[in-house]
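So for the sequence shown, full-length UniProt numbering puts the first residue at 1; every next one is plus one.
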Amino acid sequence: MKNYKCVSDISKSDIEDFIVEESYLIDSWKLEEWYSLFSTGGSYLVPSTDIDYNSSPAENLFYIADDYFRLGERVKRLLKRNAHSEFPRSKVLHQNTNFRIISSDLDTLYASCNFLIHRTKIDTVKCFYGTAYYKFNVDGGEIKIKEKRLAMATEGLRKQGRISIIL
1 MKNYKCVSDI SKSDIEDFIV EESYLIDSWK LEEWYSLFST GGSYLVPSTD
51 IDYNSSPAEN LFYIADDYFR LGERVKRLLK RNAHSEFPRS KVLHQNTNFR
101 IISSDLDTLY ASCNFLIHRT KIDTVKCFYG TAYYKFNVDG GEIKIKEKRL
151 AMATEGLRKQ GRISIIL
């Protein structure tokens, strides 16, 4: 494991490896470990499909607008047997492509990738796809997610029905 001093130490290959590992943790339902990839104060955002992906959750309706605390509560709920929408758990498979480092400033690295997520439950497959925009920082020598924002490339959730998994 590398020991990063600042975001300028992070390469595109490091980002690819990080996102692949993140996807593995979600697909394996290792959600507490996934949550630990976020920096304290991090956020997980899924804007509705009829607004610009860069919109503010304070001024617009989002499918998901979790700050760090709410994200932790989401993880706890999903891991309980009484999480009715995900018990029994769905089988989930993340695929990520087209990794890009967009830019960086003093303490934040901006990156993106395209995603395709298959969710299978009760012999039904639902697909979620679009672009994931990340803000990364370095905390304690590790890459951490400051913000994960998923811009779905669909015109709504009619075919998917709902988002009951971690995208």
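Yeah, the Cβ is synthetic: ideal placement off N, Cα and C, and Gly gets one too.
Just so it is clear, the structure is predicted and the values come from calculations on it, not from any experiment.
The Cβ-Cβ distance between LEU45 and GLU155 does not fall below 8 Å. Secondary structure note for ARG119: its beta strand (DSSP E) is the uninterrupted segment 109 to 121. CA-to-CA, the gap between ARG100 and VAL7 works out to about 15 Å. In the DSSP assignment, SER13 falls within the unbroken alpha helix (DSSP H) covering 12 to 27. Counting only unbroken stretches of 3 or more residues, the beta strand (DSSP E) elements lying wholly within the segment 27 to 78 are 38 to 47 and 62 to 66, in sequence order. Around the C-beta of VAL92, 16 or more other C-beta atoms lie within 10 Å, and the residue is accordingly described as buried.
For ASP139, DSSP records a beta bridge to GLU142. In the DSSP annotation of this structure, the continuous segment of the beta strand (DSSP E) that includes VAL92 starts and ends at 91 to 104. Here GLU147 carries a strand assignment [DSSP, helix/strand/coil]. As the crow flies, the alpha-carbon of SER90 is around 36 Å from that of ASP107. Here the alpha carbon of ARG81 sits roughly 33 Å from the alpha carbon of GLU16.
Distances from the alpha-carbon of ILE102 to those of TYR68, CYS127 and ILE10 put ILE10 closest. Of the residues assessed, ASN137 falls on the buried side of the cut-off, its CB having 16 or more other CB atoms within 10 angstroms.
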